[in-house]
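First up is the structure itself, then whatever we jot down about it.
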Amino acid sequence: MQALPITIGEALQLTRQTLLSSGRAASEDAVLQESELLVSKILEVRMGRFPKRAELYQNLLEEVSPQSWLTTERIVNRRASGEPLQYLLGSQVFLNHDYRVASGVLIPRPETELVVTEVIKRLQSRTRPPKMGIEIGLGSGVISIELLSAFTNLRMIASEVSDSAAAIAEQNASSILKEGASRLQLLRARNALEVFDTFRENSEGIRADFLVSNPPYLDLSDEIETQVLEHEPPLALFPVSMDSLHFYAEISRNSKEFLAEDAEIFVEIPSNRAEQIVGLFETEGWQVVLVPDLTGRSRALVAHR
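What follows is the structure in structure tokens.
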């Protein structure tokens with residue numbers, strides 16, 4: 039162990055060496071970026087906010103207390119062992135906001151940003167602004183919160199089965215939406231197979247302008263990063279039924295009960311099962327459009343009557 043006390047610069051170098059030796063990082067640039075973020079946590083405590091990158095380098099000669107370094111060293115070792123950086127930092131940027139994340143909640147991803155961007159674009163093109171939306175599986179709240187931020191008269195009704203995710207979502211709504219958090223109604227699902235029962239029981243007469251969901255859709259045959267399997271909640275990755283199409287089948291069959299005549303459905307999808315999911319929706323009478331990501335793979339599905 040490095041003799042104490044050490045400086046911010048030395049802490050940065052030690053962190054970089056530890057992450058490099060773990061062999062987990064994609065590149066040296068990625069190692070440096072992660073090292074900067076982890077060491078910045080030291081300054082965050084002193085500054086009361088997360089420092090800018092320039093501020094980190096302006097303080098390279100500042101001494102780190104023994105306790106601060108030991109705390110940081112433990113976090114760095116956890117990262118070297120494969121724990122997701124977002125959990126260690128406690129946050130993840132998603133579109134326009136910084137969201138709190140923790141173990142027990144799915145880490146927001148760029149594919150979901152594609153879905154939200156598509157929802158906003160299509161809703162903005164309508165002649166009247168949306169008044170009510172439904173989300174199946176609130177998670178950390180990124181989808182509903184971004185939509186509530188984009189449409190000031192919108193109300194969202196969202197379901198969630200996980201206690202951990204529900205708590206994180208409520209924190210995110212409160213910190214990001216402030217008074218507007220009251221426009222998000224959270225319904226607690228009784229079990230992970232339930233999709234619409236909680237809406238039937240708690241919100242009679244819903245006729246929403248749209249439904250959106252990033253449901254659990256992974257299959258055990260999929261190629262999945264070890265870090266994801268070891269650390270992210272299985273409930274948010276795999277349907278409990280182990281049928282990767284379970285939620286899409288439920289949404290395609292039951293959504294009309296809760297949607298206005300001209301409403302649309304937006305769901306994130308696995309590109310390798312896009313054709314099967316399209317078939318489920320078309321069988322139920324929906325017209326379907328697939329939305330590709332920057333690589334050309336279908337990652338979102340839009341359905342309308």
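Take 39 as the starting number for the sequence shown in my numbering and just add one per residue. The beta carbon of each residue, even a glycine, is placed where N, CA and C say it ideally should be. Values in this document were obtained by computation on a predicted structure and should not be read as measured data.
Inset, instruction - Report yes if the C-beta distance between Glu66 and Arg91 is below 8 Å; otherwise report no. - result: In this structure, Arg91 does not lie closer than 8 Å to Glu66 by Cβ.
Legend entry - Continuous alpha helix (DSSP H) stretch holding Ser106: start and end: Segment 104-118, the alpha helix (DSSP H) holding Ser106.
Legend entry - the stretch 270-281 touching the stretch 215-227, judged by at least three CB pairs closer than 8 Å: Judged by Cβ distances under 8 Å, the stretch 270-281 makes no contact with the stretch 215-227, as fewer than three pairs qualify.
Legend entry - Local conformation of Tyr286 per DSSP, three classes: Correct three-state label for Tyr286: helix.
Legend entry - Cβ shell of Arg245 (< 6 Å), same chain only, five flanking positions each side left out: Take Arg245, set aside five residues on each side of it, and the residues of its chain with a beta-carbon closer than 6 Å to its own are Ala298, in chain order.
Legend entry - Beta bridge counterpart(s) of Arg138 as assigned by DSSP: Among the bridge pairs identified by DSSP, Arg138 is matched with Ser129.
Inset, instruction - Using alpha carbons as the reference points, say which of Ser141, Val114, Ala301 lies closest to Pro272. - result: With distances taken between Cα atoms, Pro272 lies closest to Ser141.
Inset, instruction - Determine, using beta carbons only, whether Ile315 and Leu339 come nearer to each other than 8 Å. - result: Yes, Cβ-Cβ distance for Ile315 and Leu339 is below 8 Å.
Inset, instruction - Please report how far the alpha carbon of Leu50 lies from the alpha carbon of Gln96, in whole angstroms. - result: C-alpha separation (whole angstroms): 13 Å.
Legend entry - Within 8 Å, strictly: CB atoms of Asn252 and Glu306: Taking the C-beta atoms as reference points, Glu306 is found nearer than 8 Å to Asn252.
Legend entry - Beta-carbon spacing of Val154, Ile174 below 8 Å: Here Val154 is not near Ile174, since their CB atoms are 8 Å or more apart.
Inset, instruction - Starting from Glu74, follow the alpha helix (DSSP H) in both directions and report where the run begins and ends. - result: Here the alpha helix (DSSP H) through Glu74 covers 66-85.
Inset, instruction - Report the rounded CA-to-CA distance for Phe237 versus Leu81, giving the unit in angstroms. - result: Rounded to whole angstroms, Phe237 to Leu81 spans 45 Å at the Cα level.
Legend entry - Backbone CA spacing between Glu93 and Ser200 [nearest angstrom]: Just so you know, the alpha carbons of Glu93 and Ser200 end up roughly 38 Å apart.
Inset, instruction - Hey, could you find the ends of the alpha helix (DSSP H) Ile91 is sitting in? - result: Looking at the sequence itself, residue 91 is Arg, so the reference to Ile does not match. Its alpha helix (DSSP H) spans residues 91-96.
Legend entry - Local Cβ density within 10 Å of Ser178, reported as buried at 16 or more and exposed below that: It is buried - the Cβ of Ser178 has at least 16 other Cβ atoms within 10 Å.
Inset, instruction - Would you be able to state if there are at least three C-beta pairs under 8 Å between the stretch 157-176 and the stretch 185-195? - result: Because the criterion of three Cβ pairs below 8 Å is met, the stretch 185-195 and the stretch 157-176 touch.
Inset, instruction - Take Asp235 and list the residues in its own chain whose beta-carbon comes closer than 8 Å to its own, dropping the five residues that flank it on each side. - result: Counting only Cβ-Cβ distances below 8 Å, and skipping sequence neighbours, we find Ala227, Arg228.
Legend entry - Opening and closing residue of the alpha helix (DSSP H) in which Ala274 lies: Counting along the chain, Ala274 sits inside the alpha helix (DSSP H) bounded by residues 272-275.
Inset, instruction - Specify the secondary structure class of Val250 as computed by DSSP and reduced to three states. - result: DSSP places Val250 in strand when its eight states are reduced to three.
Legend entry - Reference Arg62, options Pro308, Glu121, Phe88, Gly86, closest by Cα: Of the candidates Pro308, Glu121, Phe88, Gly86, the residue whose Cα lies closest to the Cα of Arg62 is Glu121.
Inset, instruction - Please determine, among Gln325, Val102, Ser119, Leu176, the residue with the shortest C-alpha to C-alpha distance to Thr56. - result: Residue Ser119 is the option with its Cα nearest to Thr56.
Inset, instruction - Leaving aside the five residues before and after Ile289 along the sequence, list all residues of the same chain whose C-beta is less than 6 Å from its C-beta, in chain order. - result: Within the same chain, Ile289 has no close Cβ partners at all.
Legend entry - Integer-rounded CB distance, given that Ala274 should sit under 8 Å from Leu318: At roughly 21 Å, the Cβ-Cβ gap does not stay under 8 Å, so Leu318 and Ala274 are not in contact.
Legend entry - Opening and closing residue of the beta strand (DSSP E) in which Gly171 lies: Judged by DSSP secondary structure, Gly171 falls within the beta strand (DSSP E) whose first and last residues are 170-174.
Legend entry - Gln130 versus Leu52 - alpha carbon distance: Straight-line Cα distance between these residues: approximately 24 Å.
Legend entry - Distance, Asp260 Cα to Arg164 Cα: Straight through space, the alpha carbons of Asp260 and Arg164 are spaced by roughly 37 Å.
Inset, instruction - Pull up the distance between the alpha-carbon of Glu263 and that of His269, whole angstroms please. - result: If I take the Cα positions, the gap works out to 10 Å.
Inset, instruction - Spatial neighbours of Asp247 within its chain, please: CB distance less than 7 Å, with the 5 preceding and 5 following residues excluded, ordered by chain position. - result: Contacts found: Pro168, Lys169, Met170, Gly171, Ala298, Ala301.
Legend entry - N-terminal and C-terminal residue of the beta strand (DSSP E) that Asp257 is part of: Premise fails: Asp257 is in no beta strand (DSSP E) and is neither H nor E.
Legend entry - Rounded C-alpha distance that separates Asn115 from Thr190: The alpha-carbon of Asn115 is positioned some 43 Å away from that of Thr190.
Inset, instruction - Would you list, in sequence order, the uninterrupted beta strand (DSSP E) runs of no fewer than 3 residues that lie entirely inside the stretch 194-252? - result: The DSSP assignment places 222-226, 246-251 as complete runs of the beta strand (DSSP E) inside the stretch 194-252, in order along the chain (cut-off: 3 residues).
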